[in-house]
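In full-length UniProt numbering, the protein residues as written are 1 to 634.
Below, the structure is given as structure tokens:
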């Protein structure tokens with residue numbers, strides 16, 4: 001079947017299309033009501049189906065004779081630890097921990113918060129919660145006590161699951177003090193804390209509340225799977241909100257399993273038994289979807305990697321993992337490859353590794369700039385596939401569906417919409433725009449399976465944040481265009497558009513040009529106040545390691561490049577060299593925060609920031625260069 005045939009079938013007859021895909025999974029009771037409407041008038045998938053996601057991911061494969069296949073590989077260069085678990089072994093560990101949860105009062109519909117580093121026990125905890133019909137909410141290990149307290153109050157978990165510490169390249173992060181402080185700060189008090197002691201740091205236990213994972217697990221019974229409906233929630237995942245209050249995205253069991261199972265073959269071209277590596281963290285949606293659930297639902301081997309693309313020990317870390325475990329497809333954020341490129345621009349460290357097992361490199365999580373695309377493609381000799389999705393969707397909105405039909409790629413494009421996603425480009429009035437016209441990227445309802453059904457405890461916020469701006473559509477918050485071949489180009493958040501003397505310009509286009517310079521490892525462009533033009537663009541750049549060029553020379557070359565590629569209308573006249581840019585832990589540059597600094601506005605430091613000290617550095621640089629809006633104009 002061609003991509004065009006597959007996609008059109010999903011748009012013309014969504015219930016028939018997804019009903020057919022659902023048959024590939026082992027339901028306890030197969031759904032008959034494929035697409036229905038809930039009390040909030042939101043269309044839902046597989047409401048009358050009965051199932052268990054953990055059963056689909058583990059028990060089913062053991063029953064089908066795949067029990068001795070490796071299900072999970074744990075590789076931790078920061079602790080010099082490697083482990084492998086077969087499907088049978090992982091099932092036993094998950095069932096045992098699920099029994100421990102039940103013994104501590106956790107049942108169907110209860111919520112557990114998981115605050116863990118990138119270790120195999122984090123995956124076990126997630127699957128164990130799913131096994132007994134509980135709802136998990138994973139919080140990125142190392143988040144501040146305040147941010148954890150906010151999530152505890154919002155989710156109101158029966159208990160917390162944590163470890164004594166996280167291990168970074170040059171430091172140990174103690175989790176227990178943050179857990180204790182968060183519970184102290186929270187109005188809602190979880191009854192229990194289950195804690196895994198790691199040898200790098202032994203935590204103090206609070207008598208009567210804290211439970212030692214290893215001690216308690218041994219006497220716990222094995223728990224059977226609990227049946228849930230297709231629309232029962234599997235997890236809550238908090239994502240940053242515009243108000244500063246995080247939004248709890250709710251993911252259903254049924255639609256999630258169907259979409260992720262389908263994506264493994266259609267999007268990633270994976271077969272049962274293949275090794276898939278999502279180089280992310282379980283605290284992010286990529287980790288939920290493609291470290292934990294999708295590979296196991298599809299019968300693949302997945303990798304939990306406790307390390308970095310660089311400095312564990314060097315910029316060859318990814319190549320080592322790919323060769324050692326015969327990885328067929330890797331999925332990571334572009335920022336990971338930019339970090340490798342910065343430290344090893346000529347890819348000299350790649351020479352000692354054999355990547356013949358690798359078929360594809362997938363990137364998502366932020367915009368894939370053409371220079372990073374071209375560099376990665378050149379040094380690996382593998383297809384580099386950009387795809388675009390969001391925490392809210394749980395899987396790709398646009399991609400090159402290489403498992404159905406491999407389409408020609410276009411640098412800067414996530415290729416074409418994935419089946420189920422009726423992507424439209426709309427103007428300010430919600431009307432469709434013609435080909436090659438930039439506007440707001442929206443998805444015509446109904447959304448396909450796996451997309452969020454609400455915000456936890458606040459349907460009004462879901463409606464106002466995603467559905468009301470363009471009635472009949474889901475508003476993605478991103479801007480872009482569709483070209484004459486139907487390829488989607490995502491140019492960035494809709495607020496990453498600046499107005500220069502009446503001309504609306506995309507900062508993403510300018511970033512593409514700057515990133516193409518041989519000296520530049522990474523960059524961003526923001527609009528700053530100008531008393532004549534209203535706004536003018538300014539570039540902030542990081543240099544590749546070992547590059548020696550003056551700021552003045554680089555600026556002159558970049559200005560000339562932008563003028564040539566975009567035109568004098570871009571008005572880019574100033575670029576600065578910086579040591580680091582403020583980013584989230586997942587690698588996204590905090591452009592909104594940079595704009596707020598330039599606008600001299602009050603701002604809240606996001607809980608997801610990787611290095612808070614970078615903000616003060618950037619603010620000082622911008623102030624010293626006159627890039628902060630005068631107070632009188634603020």
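A virtual CB, placed ideally from N, CA and C, is assigned to each residue, including glycine.
Residues near residue i by beta carbon distance below 6 Å, same chain, minus five either side
i           : result
residue 419 : 6, 7 and 10
residue 157 : 111, 112, 113 and 190
residue 125 : 114 and 161
residue 134 : 106, 110 and 112
residue 530 : 536
residue 326 : 275 and 357
residue 411 : 370 and 373
Sub-9 Å separation of residue i and residue j beta-carbons
i           : j           : result
residue 236 : residue 103 : no
residue 489 : residue 414 : yes
residue 480 : residue 514 : no
residue 251 : residue 394 : yes
residue 590 : residue 575 : no
residue 343 : residue 384 : no
residue 291 : residue 304 : yes
residue 402 : residue 389 : no
residue 26  : residue 49  : no
residue 78  : residue 380 : no
residue 56  : residue 352 : no
residue 618 : residue 578 : yes
residue 361 : residue 378 : no
residue 296 : residue 96  : no
residue 29  : residue 51  : yes
Through-space distance from residue j to residue i, alpha-carbon basis
i           : j           : result
residue 180 : residue 130 : 26 Å
residue 254 : residue 61  : 18 Å
residue 545 : residue 239 : 33 Å
residue 438 : residue 475 : 15 Å
residue 42  : residue 543 : 48 Å
residue 227 : residue 127 : 14 Å
residue 637 : residue 487 : Given that the chain is displayed from residue 1 to residue 634, the structure contains no residue 637 and the question cannot be resolved.
residue 635 : residue 19  : Absent from the structure is residue 635, since the part of the chain shown begins at 1 and ends at 634.
residue 68  : residue 98  : 21 Å
residue 460 : residue 333 : 32 Å
residue 258 : residue 558 : 47 Å
residue 527 : residue 444 : 31 Å
residue 196 : residue 123 : 13 Å
residue 611 : residue 408 : 38 Å
residue 23  : residue 170 : 48 Å
residue 45  : residue 83  : 37 Å
residue 335 : residue 316 : 15 Å
residue 172 : residue 340 : 24 Å
residue 432 : residue 148 : 41 Å
residue 446 : residue 231 : 15 Å
residue 101 : residue 93  : 12 Å
residue 355 : residue 76  : 20 Å
Residue i, enclosing alpha helix (DSSP H) - first and last residue
i           : result
residue 33  : Counting along the chain, residue 33 falls outside any alpha helix (DSSP H), and DSSP gives it neither H nor E.
residue 181 : 176-185
residue 325 : 317-325
residue 62  : Neither: residue 62 is in no alpha helix (DSSP H) and is coded neither H nor E.
residue 216 : 213-217
residue 514 : 507-515
residue 297 : 294-297
residue 6   : 3-12
residue 337 : 334-343
residue 375 : 370-380
Residue i - containing beta strand (DSSP E), residue span
i           : result
residue 253 : Counting along the chain, residue 253 falls outside any beta strand (DSSP E), though it belongs to the alpha helix (DSSP H) covering 253-266.
residue 459 : Premise fails: residue 459 lies in the alpha helix (DSSP H), 459-462, not in any beta strand (DSSP E).
residue 233 : 233-239
residue 71  : 70-76
Same chain, Cβ closer than 7 Å to residue i, neighbours up to 5 away in sequence not counted
i           : result
residue 59  : 91 and 225
residue 1   : 404
residue 175 : 115, 141, 162, 163, 164, 165 and 166
residue 367 : 490, 492 and 508
Nonlocal neighbours in the same chain, by C-beta distance under 8 Å from residue i, ignoring five residues either side
i           : result
residue 152 : 113, 160, 182, 183, 186, 188 and 190
residue 274 : 300, 301, 328 and 329
residue 209 : 191, 192 and 193
residue 455 : 247, 248, 249, 250, 461, 462 and 465
residue 86  : 67, 68, 69, 70 and 71
Proximity test, residue i beta-carbon vs the ligand NAP heavy atom, cut-off 8 Å
i           : result
residue 281 : As far as ligands go, the structure on display features none, and thus does not contain the ligand NAP.
Segments of 3+ residues assigned as beta strand (DSSP E) that fall wholly inside the region 85-171: Listed in chain order, they are 111-116, 135-140, 159-163 and 165-167.
3-residue-minimum beta strand (DSSP E) runs that sit fully inside the region 404-433, ordered along the chain: If we require 3 residues or more, the beta strand (DSSP E) runs fully inside the region 404-433 come out as 422-426.
Beta strand (DSSP E) runs contained entirely in the region 544-625, provided each spans 3 or more residues: Segments of the beta strand (DSSP E) lying fully in the region 544-625: 574-577.
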